[in-house]
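Written out below as structure tokens is the structure these notes cover.
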Amino acid sequence: MNAEELQPLRDAIEQSLEHFSAGVAGCPERLSQAIQYSTLAPGKRLRPLLALVACQAVSGVWRPALPAACAVEMIHVYSLIHDDLPAMDDDDLRRGMPTCHKQFDEATAILAGDSLQMRAIELLATELPPDTALGCCRLLSRAAGRAFLVGGQADDLAAEGRFGPLDFQDEEGALAHLKHIHRRKTGALIVASLQLGATVGGASDEQLERLGLYGEAIGLAFQIIDDCLDVESTAEQLGKMTRKDSKLGKLTYPGLLGLEASYIMAAELIDEAIAAIENLHQSTGDHSEVSVNKVGVATSQRANSNATEHNNSEYDAMQDALDTLRSLARFVISRKK
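Just so we're on the same page, this note's numbering is the position in the sequence shown counted from 1, plus 67.
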């Protein structure tokens, strides 16, 4: 899938986010406005796209993963709302717009973030089949919780020296600590996006593991490029404040390695990501056999022909999705915002 072929997925994501974030009886109007203000703000939608494409990569279709895609984007948006608060990163600009607490107020922003967390889990629990919903709820809540996204943010704040000085023995130790933060703060939700979509698509354990390795690599590469863009770009280009990390004395990849070495590291991670999914379909065996098993034993030559034709179409869709995962990985390091 190229950019044009991805547009139906983007459109479906936007329509579903608008639908799933709409106000309900009992939700105050101001809170509802804040939820939709942040959720529908223009963004890359990388995480929901990864969820849909991962579903197609293992099943040949992407629509069943829309609730999971919206759930993971809601968790991402909640994390941005809370990260932007004065108690955290104290940012005024996000996605080219005033941050939620600037557009509304701090209390409303906190409540909007809280609401999005719960709405994400509610979506998984109510919009997916029961046997799939439980695993997806467990996967997303773990990725968004104290050991991963939230824990990574806590360590990121600590890296500013808020809770006392940090003492690293050498540059290698500082780099290891930085990677540990971002594998959790950024990478865990990207991994969850892929594994949620793949779970909806009926992925095998091996496929989930391979997609997890892909997600870990592009998640870390994404953060490295974020750090580089923070140095090289303007607030107008990025739609958010720049150079704050260096002013706060935070650890960054360019600060530790320099820009050139940071870009090289990101490129190596993208190579690792693409290699991880190279044999994603290997465990499914010959696709011409799989299709007949899926549609039942054919009792005539025509039935066999129809089954094979259906399966070839499905397999082509899965291969297209793999190509898209490769393209999305390359986008991570070529993006300008």
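Positions of the beta carbon are idealized from the N, C-alpha and C atoms, including for glycine.
A straight line joining the alpha-carbon of Thr319 with that of Thr106 spans about 28 Å. Excluding its 5 nearest sequence neighbours in each direction, Arg277 has C-beta neighbours in its own chain below 6 Å: Ala343, Ile344, Leu347, listed in chain order.
About 7 Å separates the beta carbons of Ala176 and Ala101, which is inside the 8 Å limit, making them a contact pair.
Pro165 carries a strand assignment under DSSP once its states are collapsed to helix, strand and coil.
Following the DSSP letters along the chain, one finds Glu303 inside the alpha helix (DSSP H) bounded by residues 302–305.
Check the Cα spacing between Gly316 and each of Gly219, Ser83, Leu224, Gly282: the tightest is with Leu224. With respect to Ala187, Ala138 sits close: the two C-beta atoms are nearer than 8 Å. Within 10 angstroms of the beta-carbon of Met185 lie fewer than 16 other beta-carbons, which makes it exposed. Distances from the CA of Lys403 to each of Val267, Leu296, Leu147, Asp387 were compared; the closest alpha carbon is that of Leu296.
Leu275 places its beta carbon 8 Å or farther from that of Gln290.
DSSP links Leu73 through a beta bridge to no other residue. Leu178 sits in a helix when the DSSP states are folded into three classes. Runs of alpha helix (DSSP H) with 4 or more residues, each lying fully within the segment 194–248, are found at 197–210, 216–225, listed in chain order. Val125: member of the alpha helix (DSSP H) spanning 113–126, first to last residue. Annotated three-state conformation of Leu191 is helix, per DSSP.
Here the C-alpha atom of Val267 lies approximately 8 Å from the C-alpha atom of Leu195. When the five nearest sequence neighbours on each side are left out, the beta carbons in the same chain lying within less than 8 Å of the beta carbon of Arg77 are those of Arg112, Leu116, in order along the chain. When only Cα atoms are considered, Gly219 and Arg310 end up about 20 Å apart. Within the same chain, no residue comes within 8 Å of Glu189 by CB-CB distance, once the 5 residues on both sides are set aside. Going by DSSP, Ser146 is part of the alpha helix (DSSP H) stretching over 133–150.
Its chain contains Arg97, Gln100, Ala101, Tyr104, Ala179 as the residues whose beta carbon lies nearer than 8 Å to that of Phe171, once the 5 sequence neighbours on both sides are disregarded; these appear in chain order. Per the coordinates, the alpha-carbon of Ala388 lies some 32 Å from the alpha-carbon of Met164. Across the structure, Lys252 and Glu71 are spaced so that their CA atoms are roughly 31 Å apart. Between Ala211 and Ile142 the beta-carbon gap is near 5 Å, inside 8 Å, which marks them as a contact.
Cβ-Cβ distances below 7 Å link Arg114 to Val139, Glu140, His143, Leu256, Ile257, Ser260 in the same chain, with the five nearest sequence neighbours on each side left out; the list follows chain order.
A straight line joining the alpha-carbon of Ser83 with that of Leu133 spans about 7 Å.
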